[in-house]
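There are 4 protein chains.
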Amino acid sequence: MNRDSEISPEATDRRSRKREEKRQTIIAAAERIFHEKDLSHISMEEIAREADVAAGTLYNYFPGKEALFLEVFVNKLTPLFDEALAEWESDAPFKEKLRLVVNLHMSFIHSHKGFYEFLMTLGQPDFTAPGPFTGLVELCEGYLTRQTRAFERAQESGEISNTLSPKFLARALRSLCWGMATEAVNRRKTQDLDSEVEPILELFWKGIAQ
Amino acid sequence: MNRDSEISPEATDRRSRKREEKRQTIIAAAERIFHEKDLSHISMEEIAREADVAAGTLYNYFPGKEALFLEVFVNKLTPLFDEALAEWESDAPFKEKLRLVVNLHMSFIHSHKGFYEFLMTLGQPDFTAPGPFTGLVELCEGYLTRQTRAFERAQESGEISNTLSPKFLARALRSLCWGMATEAVNRRKTQDLDSEVEPILELFWKGIAQ
Amino acid sequence: MNRDSEISPEATDRRSRKREEKRQTIIAAAERIFHEKDLSHISMEEIAREADVAAGTLYNYFPGKEALFLEVFVNKLTPLFDEALAEWESDAPFKEKLRLVVNLHMSFIHSHKGFYEFLMTLGQPDFTAPGPFTGLVELCEGYLTRQTRAFERAQESGEISNTLSPKFLARALRSLCWGMATEAVNRRKTQDLDSEVEPILELFWKGIAQ
Amino acid sequence: MNRDSEISPEATDRRSRKREEKRQTIIAAAERIFHEKDLSHISMEEIAREADVAAGTLYNYFPGKEALFLEVFVNKLTPLFDEALAEWESDAPFKEKLRLVVNLHMSFIHSHKGFYEFLMTLGQPDFTAPGPFTGLVELCEGYLTRQTRAFERAQESGEISNTLSPKFLARALRSLCWGMATEAVNRRKTQDLDSEVEPILELFWKGIAQ
DNA sequence: GATGAATGAGCTTTCATTCAT
DNA sequence: GATGAATGAAAGCTCATTCAT
Numbered sequence: 003m004n005r006d007s008e009i010s011p012e013a014t015d016r017r018s019r020k021r022e023e024k025r026q027t028i029i030a031a032a033e034r035i036f037h038e039k040d041l042s043h044i045s046m047e048e049i050a051r052e053a054d055v056a057a058g059t060l061y062n063y064f065p066g067k068e069a070l071f072l073e074v075f076v077n078k079l080t081p082l083f084d085e086a087l088a089e090w091e092s093d094a095p096f097k098e099k100l101r102l103v104v105n106l107h108m109s110f111i112h113s114h115k116g117f118y119e120f121l122m123t124l125g126q127p128d129f130t131a132p133g134p135f136t137g138l139v140e141l142c143e144g145y146l147t148r149q150t151r152a153f154e155r156a157q158e159s160g161e162i163s164n165t166l167s168p169k170f171l172a173r174a175l176r177s178l179c180w181g182m183a184t185e186a187v188n189r190r191k192t193q194d195l196d197s198e199v200e201p202i203l204e205l206f207w208k209g210i211a212q
Numbered sequence: 003m004n005r006d007s008e009i010s011p012e013a014t015d016r017r018s019r020k021r022e023e024k025r026q027t028i029i030a031a032a033e034r035i036f037h038e039k040d041l042s043h044i045s046m047e048e049i050a051r052e053a054d055v056a057a058g059t060l061y062n063y064f065p066g067k068e069a070l071f072l073e074v075f076v077n078k079l080t081p082l083f084d085e086a087l088a089e090w091e092s093d094a095p096f097k098e099k100l101r102l103v104v105n106l107h108m109s110f111i112h113s114h115k116g117f118y119e120f121l122m123t124l125g126q127p128d129f130t131a132p133g134p135f136t137g138l139v140e141l142c143e144g145y146l147t148r149q150t151r152a153f154e155r156a157q158e159s160g161e162i163s164n165t166l167s168p169k170f171l172a173r174a175l176r177s178l179c180w181g182m183a184t185e186a187v188n189r190r191k192t193q194d195l196d197s198e199v200e201p202i203l204e205l206f207w208k209g210i211a212q
Numbered sequence: 003m004n005r006d007s008e009i010s011p012e013a014t015d016r017r018s019r020k021r022e023e024k025r026q027t028i029i030a031a032a033e034r035i036f037h038e039k040d041l042s043h044i045s046m047e048e049i050a051r052e053a054d055v056a057a058g059t060l061y062n063y064f065p066g067k068e069a070l071f072l073e074v075f076v077n078k079l080t081p082l083f084d085e086a087l088a089e090w091e092s093d094a095p096f097k098e099k100l101r102l103v104v105n106l107h108m109s110f111i112h113s114h115k116g117f118y119e120f121l122m123t124l125g126q127p128d129f130t131a132p133g134p135f136t137g138l139v140e141l142c143e144g145y146l147t148r149q150t151r152a153f154e155r156a157q158e159s160g161e162i163s164n165t166l167s168p169k170f171l172a173r174a175l176r177s178l179c180w181g182m183a184t185e186a187v188n189r190r191k192t193q194d195l196d197s198e199v200e201p202i203l204e205l206f207w208k209g210i211a212q
Numbered sequence: 003m004n005r006d007s008e009i010s011p012e013a014t015d016r017r018s019r020k021r022e023e024k025r026q027t028i029i030a031a032a033e034r035i036f037h038e039k040d041l042s043h044i045s046m047e048e049i050a051r052e053a054d055v056a057a058g059t060l061y062n063y064f065p066g067k068e069a070l071f072l073e074v075f076v077n078k079l080t081p082l083f084d085e086a087l088a089e090w091e092s093d094a095p096f097k098e099k100l101r102l103v104v105n106l107h108m109s110f111i112h113s114h115k116g117f118y119e120f121l122m123t124l125g126q127p128d129f130t131a132p133g134p135f136t137g138l139v140e141l142c143e144g145y146l147t148r149q150t151r152a153f154e155r156a157q158e159s160g161e162i163s164n165t166l167s168p169k170f171l172a173r174a175l176r177s178l179c180w181g182m183a184t185e186a187v188n189r190r191k192t193q194d195l196d197s198e199v200e201p202i203l204e205l206f207w208k209g210i211a212q
């Protein structure tokens, strides 16, 4: 009853809106830098400079470096995964869904290459041991699981061959997308990313077609 | 009569043999540690301890940390690539060569997971810009190029479909192998690595078969 | 007619009463925390949280951390010293007064151990040099002086031996109480604190008895 | 066989002698500063400056700040305790031993005031919980235990009254010495420290004499 | 050549204090 | 008056690299 007695609800609202905006400013700054560098080469000082705040300010918003990046990852990956899953669970023909999902991932990687590099390391002992990035590992696993179910259903309905396990297919698709996109991005041929989609689709589709 | 006049050739030899031995001792030590940890978490002190030399000694053999690891990578990758290329250039049926190469890569990854994780980061600006690991990037590119030629020849001879570019195929194969092996290693199901080879082969082969 | 003309005395009163209440709320919060931790491990943020106000508010009531704690100490010590002095200045037999005062101090220490620990550091250069805690040093000195006079009077009236200087006796008594209480509290034998009173009294009394 | 092969034993010796000297230089520097300030106000940087080395160098000799100070304390306290125990275990008349030990402690405090202040805080939860200073706590306890036995023997032989428990006496003596010495030092009347010995002795002796 | 002590820039993090709202 | 976000100067600590021996 004490501390709120003199503050109008609107003021509180505006403040928390501003706060949320700044959180996003910081996350965006971290993301921009992450785009260019390895996690271990990014300093909090650098993020602060990019976000145009003092170093100490970061700690008003995130308990530490790892927590900050966890949010960066989760914030970016969640909408991607949601969109992809909506696709998988639609009624379109399987090949169509495949094309759309590959497109989705490729263009995401196009603009978020650093994420995928980092995600490749999530299996390292440091991370699989319960730790700061456990939440992220789980997020990715969850997505993979639901993707696996999409392959399962397609096999059951006879849309694709059931020679290979659905789990293998989900992983293989992921590997192909990541690998190809990474290569393209690394070589700075990002304009060609779209042109990579059809070959992947063709290779993969021929590989699984009934 | 010149400044070398007092050193016998044999002594020089023995000295340089000893020197080379110590170089290898250090490289081997670095490799053992790299097997367990991220590059940025390995300290020169730690390598020195593992190699049973003083920290300063490392700098008599390598100009710095990055140069040391460059050698580690090159030393391990060269024999792998050589063996794989010998395979590609043999006269066996293409599908057979494919199986062998996939096997080769998967089992290498099995015992050198850290290498692949590191290699995934080589495309980052830090590295593609001329830098300490340029040599490594070139080594990998060279391998990829020669692998590409193997696909080219197989298309020319009609052994495989020529719908997809050989360069795409070389990269797609690499992505599949790395992606699948990494997953397997991450999940600690290393004993199952062999069982991954056949699915990859099947998916890929169906995708490219004439 | 002057600038206060629009504020009724009662309103002013109520305001200053409220202000004083909040001051006390803050002091009480700081005291509760001080009970558990070293001064240098207590943050203003923590005090604010405990007092259920914002961090900035503390600075409307106290110029800074040290000033805040100065008040904490003075507020707690003043009643203790007042009670002890009332005792010393009573007409009871000296040994009885001694017992009561020892009891008073021991039980105070029992529930305010942190205070005494802190007081032990007041002699450090940081503090004896005129500084934020000068007021506290003076308060303690004042108490000691009046306690010294109690010993003086007892010597003059022949109640105790006058071999030792009254100033020495006052300090020795304080040392004994603090030392023994601290030990007891440190050892978590706080339930035994009462049983420490009699030995102290006996040792001290035999030491000064006529 | 590798790393030592080229280094003569003398060189090794000289090096470790130098190392030990520097250790002592650092400990001495830390001690000088500790003499003036509270532990929590001393920074590693400051110690390094006083010892005329770089900040990082400190960490070549001690794993951290606490470990450094632990050594400071143990190094200074051990000889004091040894000397005092030799005294206690001698055959001199008890009163004589008492005088010597009081003298010993008082003059030690005279030149190491900071130590005693710190020691007073050793009972705090932070420290009694197993932690960096556990070793120090044990050292002090060990001394107190042996001092307690000295009182015990004196009671058994009838040299002193056995009304009070020997443990109480050991603690009371310590409290008196510390308290009185601290006061004297705080007031900068260090020249008068010697004159404090006799009053303590008189008070304490009358208190325990048979 | 080998050694390992010394360096110092860099890191992440904490926190008393200020100040716009 | 109250708020809490922002500040920035520390702090403790790590480590690649240098260099006298």
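Residue numbers (this note's numbering), protein chains in the order written: chain A, 3 to 212; chain B, 3 to 212; chain C, 3 to 212; chain D, 3 to 212.
Built from N, CA and C at the ideal position, the CB exists for glycine as well.
Are the C-beta of residue i and some C-beta of chain C separated by less than 9 Å?
i       : result
P127(D) : Unreliable placement is indicated for P127(D), whose pLDDT of 41 sits below 50; the coordinate value is still reported in the next sentence. Closer than 9 Å to some Cβ of chain C, the Cβ of P127(D) qualifies, so yes.
G181(D) : yes
So what does DSSP say about residue i, is it helix, strand or coil?
i       : result
A53(D)  : helix
I44(C)  : coil
D128(C) : Any reading at D128(C) must be qualified, since the residue scores a pLDDT of 42, below 50, and its modelled position is unreliable; the value itself is stated next. Reduced to three states, the DSSP call for D128(C) is helix.
A94(C)  : coil
V139(B) : helix
Can you check whether the C-beta of residue i is within less than 9 Å of a C-beta belonging to chain D?
i       : result
G209(C) : yes
E154(C) : no
E185(C) : yes
For residue i, tell me which candidate among the options has the shortest Cα-Cα distance.
i       : options                               : result
E73(C)  : I162(C), G181(C), G209(C) and V139(C) : V139(C)
T27(D)  : W90(D), R51(D), E12(D) and C142(D)    : R51(D)
A218(C) : M46(D), A174(D), A186(D) and T14(D)   : Nothing in the structure corresponds to residue 218(C), since chain C is present only between 3 and 212.
V199(C) : F170(D), S92(D), F96(D) and R19(D)    : F170(D)
I111(C) : I49(C), L178(C) and G66(C)            : L178(C)
E48(D)  : I35(D), D40(D) and T59(D)             : I35(D)
V76(C)  : Y145(C), R155(C) and Q157(C)          : Y145(C)
D196(D) : M108(D), S18(D), A31(D) and L141(D)   : M108(D)
T184(D) : E143(D), H114(D), R155(D) and A172(D) : H114(D)
Are the C-beta atoms of residue i and some chain B residue less than 9 Å apart?
i       : result
F206(A) : yes
P134(A) : no
I202(A) : yes
L90(A)  : According to the sequence provided, residue 90(A) is Trp. The question's Leu does not apply to it. False, the Cβ-Cβ gap to chain B never drops below 9 Å.
D196(A) : no
Quick one: measure Cβ to Cβ for residue i and residue j, integer angstroms, because I've assumed they're closer than 8 Å.
i       : j       : result
E89(A)  : K78(A)  : 18 Å between Cβ atoms; not a contact.
F135(C) : E68(C)  : 7 Å
G181(D) : R176(C) : 7 Å
K208(B) : G160(A) : That pair is no contact at about 17 Å.
L121(C) : E204(D) : The pair is not a contact, with the Cβ atoms about 27 Å apart (cut-off 8 Å).
L70(C)  : L60(C)  : 7 Å
Say whether chain A places a C-beta atom closer than 9 Å to the C-beta of residue i.
i      : result
P11(B) : no
D40(B) : yes
Give me the subset of the segment 162–177 of chain C whose CB atoms are less than 9 Å from a CB atom of chain D, sorted by chain position. Here the close residues are S163, T165, L166, S167, F170, L171, R173, A174, R176 and S177.
Quick one, which residues of the segment 43–69 of chain A are near chain B if we go by CB-CB under 7 Å, in chain order? none
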